[in-house]
Each structure stands twice: as structure tokens, then as C-alpha cells.
Amino acid sequence: MTVSLEEKNRQAIETQLKATSIDWDAVVEVSTGHYVFPALYCNLQRANFLDYLPQELVTYMEHITNLNRERNEEIITQARELNTLLLANMITPIFLKGTGNLLAGIYEDIAERMVGDIDFIFSTKDYPKAITVLLESGYAEVSEYKYHFPYQKHYGRLQKENNIAAVEIHSEIVGIEKYRKEFNYDFVAKDSQVINGVRVLSDANKLNLSIIANQINDSGFDYKTMALRNAYDVFLLSKKTSAMAAVQGLG
67 MTVSLEEKNR
77 QAIETQLKAT
87 SIDWDAVVEV
97 STGHYVFPAL
107 YCNLQRANFL
117 DYLPQELVTY
127 MEHITNLNRE
137 RNEEIITQAR
147 ELNTLLLANM
157 ITPIFLKGTG
167 NLLAGIYEDI
177 AERMVGDIDF
187 IFSTKDYPKA
197 ITVLLESGYA
207 EVSEYKYHFP
217 YQKHYGRLQK
227 ENNIAAVEIH
237 SEIVGIEKYR
247 KEFNYDFVAK
257 DSQVINGVRV
267 LSDANKLNLS
277 IIANQINDSG
287 FDYKTMALRN
297 AYDVFLLSKK
307 TSAMAAVQGL
317 G
């Protein structure tokens with residue numbers, strides 16, 4: 067997925083494409099399983115490698131990527147509407163994860179990133195108010211279970227009719243309590259940045275969250291696994307900030 071961004075990788079992959087029979091079924095299985103299928107297509111296209119792929123696969127990849135671009139355009143619109151609503155109620159959200167990265171413009175093509183929910187975090191004071199504002203504006207709980215565990219890092223998912231994405235309102239970023247003192251709202255808020263009127267994490271904390279979300283929240287460290295979607299985000303963000311300095315900044 068870095069063939070259009072790293073020349074040495076481009077050369078290595080082109081050599082392999084010319085000399086080796088590629089199991090494209092396996093490529094599709096892995097890339098879709100890791101939610102990087104559109105990112106793979108975008109990079110292959112920018113590297114002018116599509117001629118090495120079966121035409122049927124290229125057509126399918128293009129179709130999925132176009133659908134994802136349209137979805138992300140709607141997610142960005144929805145996120146901006148939420149931002150306007152919350153600011154009007156004197157609450158400032160900090161957008162996280164995929165939606166935050168889309169709003170920050172870290173991708174050459176917004177179609178590269180597959181996004182599930184719109185995630186944002188609030189101060190302890192604003193967290194309950196944000197829930198009330200969204201519920202009163204037409205968002206409703208997705209789960210039929212109305213009990214919310216006190217140590218959850220976010221409120222239950224909320225969805226509004228005719229809006230493409232569900233919303234997760236965070237009070238915490240890290241799911242495991244013992245790490246919350248190091249990486250929390252106060253830590254990320256102090257150097258968050260405003261881009262086109264929307265507040266997002268600093269590049270360093272976007273990178274940190276990409277690692278933490280997979281390795282801690284999703285138990286990647288415990289199971290010795292990694293998510294290519296998160297790894298791709300880390301790669302892109304490492305072009306904007308020092309990965310070593312970002313991680314060391316956690317203390």
C-alpha cells in the first residue's frame with residue numbers, strides 16, 4: 067500500500083509483479099479483511115500498476131473505491147453538521163480515528179480510508195451534555211440494551227435516520243483503565259488543532275491513537291496481531307511527524 071509513496075517499495079513490488087504469479091484471490095481476502103482494499107487500489111493506480119492486475123479485478127476495485135469515496139463524502143458532511151450543532155451548544159468535540167483523519171486531510175484521496183463510526187471525545191464536563199444534545203437532535207441508541215457500563219470509554223452507538231454513520235461519544239480514548247492516566251482527553255486536548263473549523267488531534271496523537279487503538283483497545287499486543295488499516299495510518303502520519311517523538315511523548 068505504499069508503492070506510490072516510497073520509491074524503493076515501488077521498485078520492489080514492480081519487480082515482483084513482473085516476475086511472479088500473484089495469488090490475487092489472497093490479496094483480495096487480506097486487503098478486504100483489513101479494510102484497506104480501497105487504499106490498495108489507490109496506491110496501485112497512482113503507481114501505474116493496474117495493468118499488472120486482471121481487468122475484472124481492476125473494475126471491481128474501482129467500483130468499491132468509488133462507493134467508499136461517496137460514503138466518506140457523506141461522513142465528512144455529517145461530521146461537519148455535528149460539529150456545527152455541538153459548537154452552537156457551547157461544546158467542542160475533538161474528532162478521532164478515521165473521521166478525524168479524513169477531516170484533517172491526511173489522505174491523498176479520501177477514498178483510501180474505510181470508516182465505520184464517527185468518533186469524538188469531550189471533556190468530563192461536556193460529555194453528558196453532548197449526549198443530551200445529540201439525543202434531542204434526533205439521534206437514537208442503536209443497541210436495545212439501555213444500561214451503560216460505568217467504565218466504558220464511550221457511550222452506546224447513536225444513529226440518526228438518513229445519516230450514513232453511527233456516532234460514538236467518547237469520555238475516554240483507551241479501553242483499559244490503567245492506561246487512561248497517560249492517554250486521555252486532557253492529554254490530547256492541549257495540542258489538538260483546528261482544521262477548517264473542526265478540532266482534531268495533533269499529528270503526533272493521531273499516530274499514537276492509531277497504535278493504541280489496535281494494540282491496546284483491540285488487543286493486538288496480546289494476540290501478536292496488527293491491523294493494516296492502522297499501520298497505513300501510522301505510515302502516513304510518520305511522514306508528518308516523528309513517530310519516535312510521538313510515542314516518547316506519552317511518557
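Sequential numbering of the sequence shown, starting at 67, is according to the numbering used here.
No residue lacks a Cβ here, since even glycine has one placed at the ideal position from N, Cα and C.
Using only the alpha-carbon positions, how far apart do residue i and residue j sit?
i	j	result
residue 116	residue 107	8 Å
residue 102	residue 126	14 Å
residue 121	residue 132	16 Å
residue 72	residue 200	43 Å
residue 78	residue 192	50 Å
residue 278	residue 246	11 Å
residue 333	residue 220	In the structure displayed, the chain extends from 67 to 317; residue 333 sits before or after that span and is not available.
residue 299	residue 118	26 Å
residue 165	residue 243	24 Å
residue 146	residue 93	35 Å
residue 156	residue 270	27 Å
residue 65	residue 114	For the chain, the structure presents residues 67 to 317; residue 65 sits outside this window and is missing.
residue 105	residue 136	15 Å
residue 222	residue 315	31 Å
residue 235	residue 87	46 Å
residue 143	residue 150	11 Å
residue 228	residue 204	11 Å
residue 68	residue 134	19 Å
Nearest to residue i by alpha carbon, out of the options?
i	options	result
residue 265	126, 140, 95, 168	168
residue 267	305, 204, 295, 187	187
residue 297	280, 224, 312, 307	280
residue 95	154, 123, 272	123
residue 70	305, 260, 237, 110	110
residue 100	295, 134, 147	295
residue 197	209, 224, 164, 263	224
residue 274	310, 293, 259, 262	310
residue 276	261, 304, 258, 89	304
residue 250	74, 154, 76, 189	189
residue 148	130, 313, 226, 291	226
residue 308	83, 89, 272	272
List the whole-angstrom C-beta distance separating residue i from residue j, where the pair is believed to meet the contact cut-off of C-beta under 8 Å.
i	j	result
residue 302	residue 172	5 Å
residue 138	residue 179	7 Å
residue 184	residue 239	Contact doesn't hold; Cβ gap of about 15 Å is too wide.
residue 154	residue 261	Not confirmed; about 19 Å, so no contact.
residue 231	residue 208	About 11 Å separates the two Cβ atoms, so there is no contact after all.
Complete runs of the beta strand (DSSP E) confined to the stretch 255-286 [at least 3 residues]
Counting only runs of 3 or more, we get 259-261, 264-266.
Every unbroken alpha helix (DSSP H) within the stretch 108-192, with a cutoff of 4 residues, ordered by chain:
Taking 4 residues as the shortest admissible run, the stretch 108-192 contains the following complete alpha helix (DSSP H) segments, listed from N- to C-terminal end: 121-154, 163-170.
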